[in-house]
Amino acid sequence: MRTPGEGTRDRSQGFGRLRTPVRSALGSYLSFARGETRFSPWALVYPFGLIARFVVAARNFAFDHGLARSEEPPIPVVSVGNITLGGTNKTPFVEMLCRILQSAGVSPGIISRGYGGRTVDPVVITADSMEGESPDRLRDLVGDEPLLLASRLPGVPVAVSKDRLRDVDVLSERDIELIVADDAFQHRRMGRDADIVLVDACCPFGNGWIVPAGILRESPDVLSRASAVVITKSEQVSAESLEKLVDELTRHVPRDRLFFSRISLHEWRLWNGGWRGTASGRPESALIFSAIGSPESFRRSLLAEGVEILREHRFKDHYRYRVEDMRALEASMAECGAPCMICTEKDVYNMPHDWNASRDILVPFISTVLDDEERFRSCLLDSLRPRMVVASNGYGEDSMGVLLARKLSERFPSALVSAFPIVGRGEHYSKEGIPIDSTPSDSPSDGVIKYRLVDLWRDLRAGLLKSIAMQMGAWRKLRGRIRTPLCVGDVYLLLHTLWGQGQLPVLVATAKTVYLSGHWRLERFILKHRSRMAWTRDRDTAEELRRSGAQARFDGNPIMDITCDNTIEPVPWGADDLPRILLLPGSRRRAYDDLRLLLRAVERVQEALLTTGGASYMMVVAPTLDTDRLLQACEEARSADGTAWMPVRGSDTNGLRVSKNGCEISFFFGPLPAVAGRAHVLIGLGGTANQVCAGMGVPVVSIEEKGKFVQKKLLGDSEILVPQDPQALADAAVEIIGDDELRRRMSEEGVSRLGGPGALDRVADYAATRMGWGLRVRLYDTLAARWK
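Residue 930 is where the sequence shown starts when you use our numbering, and the numbers rise one by one after that.
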């Protein structure tokens, strides 16, 4: 009997029959790329490696920041890939993962690029569909690995084409609950729910260079975007080498997301133009040949099983054997005295159909085994738990974002729903107990810089750029971990979100309407190319965007959804026999100054209505305002005689009232719709809140300023603008109170202008169906019930 060493010497002699100059050059190049030779003429390709590194980095930058399009498929996707050229046991791992999912009651499907296949349009194969088909035709059509997976996994459809997103669409028509994407880590155009990256323990990074100067597809630092990293073939290296590799990987990925797998050879089968059954055991010695990514791993596995390798022939990955190749292999087998030939299961699908061997070829059937499957399932389950983020950029938008977040939580109970407000501290969300992912962003303008350059300058001096950088850092932590972001606000927010995390967002467009000059041409271009869907506040604006090619729809005014929050109970206030006047100081920093104006206006209204008993007053306080500062502003709003508005004895923050000369104002700290319905008129200095009241049929009195002039175009005759003077505000309010016909016309105009609610419910419906969030939550619930 020959020793393995003797088999190796005989292997080098046997290469002569099958070796060509091309194969010799390929072997030399692979030895260089894998880091097996320190000095090689192939070092001349290093400059091309530098160029490739730059191109790969630029591509990843484009996907990280939304410059390249990436969107979430309607079916959950788990990618299994690597960062090197082949040889990491992806195919056995995909098979193992599908079996794990099937054992949990989940129906998986597989999508594959089909290397070596010629199909362009999606082709779906199954074990059943392969029966009766010509092996050569199938191999020409889809390649070798899809055939192997389909045969090993009965009932699991495998979709193959050049476009994996089209494969997803095809499988979505079947009863598939999750897609396993084979070799898709670099396919970033398709969003995924989890990324599993395999690293070959025997040759993890080659010589450390990117193709063509090495075997790397990307630099190892991209492993940070992986949900789990699995070191494969861990049994084929020493404990010292394994620990060194672990130390290297933990620079990019946490230790708790690092796993080990090994190859298990569980049976030998016979092949000769077709499967001939199971062999009684392993052969003592053999000639081996393979056309796979890591032939050295195949060789090690056989040596570990005790097979003496008398001769070995290696071909390039996915190589289609010719009849003359097989005859040369048989001649080599006779020459070295081997009793049989051994190849991999993948090689079987590359054999010529019109050739029969003189002796059966032995094929070892291998599988992948995880060292800690329970911990791996827990990690995968955590990655598959849907995480939804609602972004907003304004206090009014925050109030809509809160309602949308609540609807998502109710619709998808097991999902994680959080908020990303980019203006202020997110008080609306905090009050509702919704987690906040963004960093606090206080600014002098409170986010409103479009009307005056001086406001932009003040924000810049106060650290606007630093605040934006911190928010980008917060988005970076979420990149690849969240579902499609839902933006409530304007196109700036959409761009902010897109640049921060890369995935195409959905926009609930609350700021722009054709009644206010509509969206700019640049904004329409951005919405066309970088928004998955936009909900507008009126039908005409949606039509304008659709004419520009953007995906847009109108399902009700999102602002008016605030009025239909079923958690809000109407709060009675004011006397039934007196006019009821609602007061809104706004939600921004200037509200404390505005409060003084409102209080002086109240004094004049009270004087004008004194003969009829005066009026009832309710001031709605935004959660962004500080109660102590409000009371201080009340005390500072003194009359000419020195009297001030003072808190009523015994009142607290839940029932706070201030009084002056017998006139009382109640403060309300709850949602605006709870009290707006009873008001006869609003004296309001807010933005979104003014619109809400107008939409609820409350006539609005506000002041003349640039922002309010813009708002006037939207609200029309439902709003009266007067100079920034307390007497002017009081006169307008008294006029409305005293003229029932005027009040009726203004009320009807506001309801007509703002329209009805319903948009946020449709956003949740769209997420559940078109973006697959309903399926994702059901999948998570199924796996959690089995795996927890």
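Yeah, the Cβ is synthetic: ideal placement off N, Cα and C, and Gly gets one too.
For residue i: DSSP bridge partner residues
i     : result
T1020 : Partner(s): none; T1020 has no beta bridge.
Y1546 : I1510, I1594
V1630 : I1612, I1649
K1589 : C1592
T1207 : R1198
W1449 : In the DSSP output, where bridge partners are listed per residue, W1449 has none listed.
I1497 : Answer is none; I1497 lacks a bridge partner.
L1671 : According to DSSP, which records beta bridges pairwise, L1671 is partnered with nothing at all.
C1308 : Beta-bridge pairing links C1308 to no other residue.
S1080 : In the DSSP output, where bridge partners are listed per residue, S1080 has none listed.
G1353 : S1370
S1008 : A1110, D1124
Expected contact under 8 Å - CB spacing of residue i and residue j to nearest Å
i     : j     : result
L1415 : I1455 : So it is not a contact: roughly 17 Å between Cβ atoms.
L1614 : G1515 : 5 Å
H1357 : P1552 : 6 Å
P1508 : L1527 : Incorrect: roughly 16 Å between the Cβ atoms, too far for contact.
C1265 : L1231 : That pair is no contact at about 15 Å.
L1332 : L1689 : 6 Å
Beta-carbon spacing of residue i, residue j below 7 Å
i     : j     : result
P1315 : R1691 : no
A1088 : L1078 : no
R1047 : D1065 : no
I1365 : R1146 : no
A1157 : R1186 : yes
L1174 : P1224 : no
R1672 : P1628 : yes
E1634 : P1652 : no
F1189 : D1371 : no
L1427 : G1016 : no
R1139 : G964  : Correcting the residue identity first, residue 1139 is Ile in this sequence and not Arg. Not closer than 7 Å, so no.
A1267 : A1215 : yes
CA-to-CA distance, residue j to residue i, given in whole angstroms
i     : j     : result
S1446 : R982  : 46 Å
C1272 : I1029 : 27 Å
D1129 : V1166 : 10 Å
A1403 : A1056 : 46 Å
S1631 : I1488 : 19 Å
T1711 : V1126 : 24 Å
P1021 : H1247 : 16 Å
S1090 : A1033 : 28 Å
C1592 : A1520 : 21 Å
L973  : S960  : 15 Å
R1103 : T1297 : 28 Å
G1571 : A1562 : 14 Å
D1469 : E1677 : 20 Å
V1663 : G1703 : 52 Å
F1218 : I1295 : 16 Å
V1009 : A1123 : 9 Å
L1076 : V1035 : 22 Å
D1289 : R1093 : 37 Å
A1440 : E1473 : 15 Å
R1466 : R1335 : 20 Å
L1524 : D1654 : 13 Å
W1574 : G1409 : 53 Å
L1513 : A1618 : 8 Å
G1701 : G1038 : 16 Å
V1319 : A1693 : 12 Å
G1206 : W1200 : 8 Å
P1005 : D1096 : 13 Å
N1279 : A1471 : 54 Å
T1582 : D1555 : Note that T1582 scores 47 on pLDDT, short of 50, meaning its location in the model is unreliable; the coordinates nonetheless yield the value given after this. C-alpha separation (whole angstroms): 11 Å.
P1501 : V1604 : 7 Å
G1687 : R1482 : 12 Å
G1143 : L1026 : 29 Å
F990  : V984  : 10 Å
Residue i at chain C interface by Cβ criterion, 7 Å
i     : result
V1550 : This model lacks chain C altogether, as it is built from one protein chain only.
Sufficient close CB pairs (3 or more, under 8 Å) joining the stretch 1477–1485 to the stretch 1600–1613: no
State whether the stretch 1301–1316 contacts the stretch 1193–1207, with contact taken as three or more CB pairs (one from each stretch) at a distance under 8 Å. Verdict: no, contact absent.
For the stretch 1315–1326 and the stretch 1340–1355, state whether three or more C-beta atom pairs, one from each stretch, are separated by less than 8 Å. Yes: at least three Cβ pairs fall under 8 Å.
Decide if the stretch 1487–1503 is in contact with the stretch 1596–1605; the criterion is three or more beta carbon pairs, one per stretch, under 8 Å apart. yes
Count Cβ pairs between the stretch 1430–1438 and the stretch 1457–1468 that sit closer than 8 Å; are there 3 or more? yes
Stretch-stretch touch, CB-based, cutoff 8 Å, three pairs: the stretch 986–1004 with the stretch 1108–1126: yes
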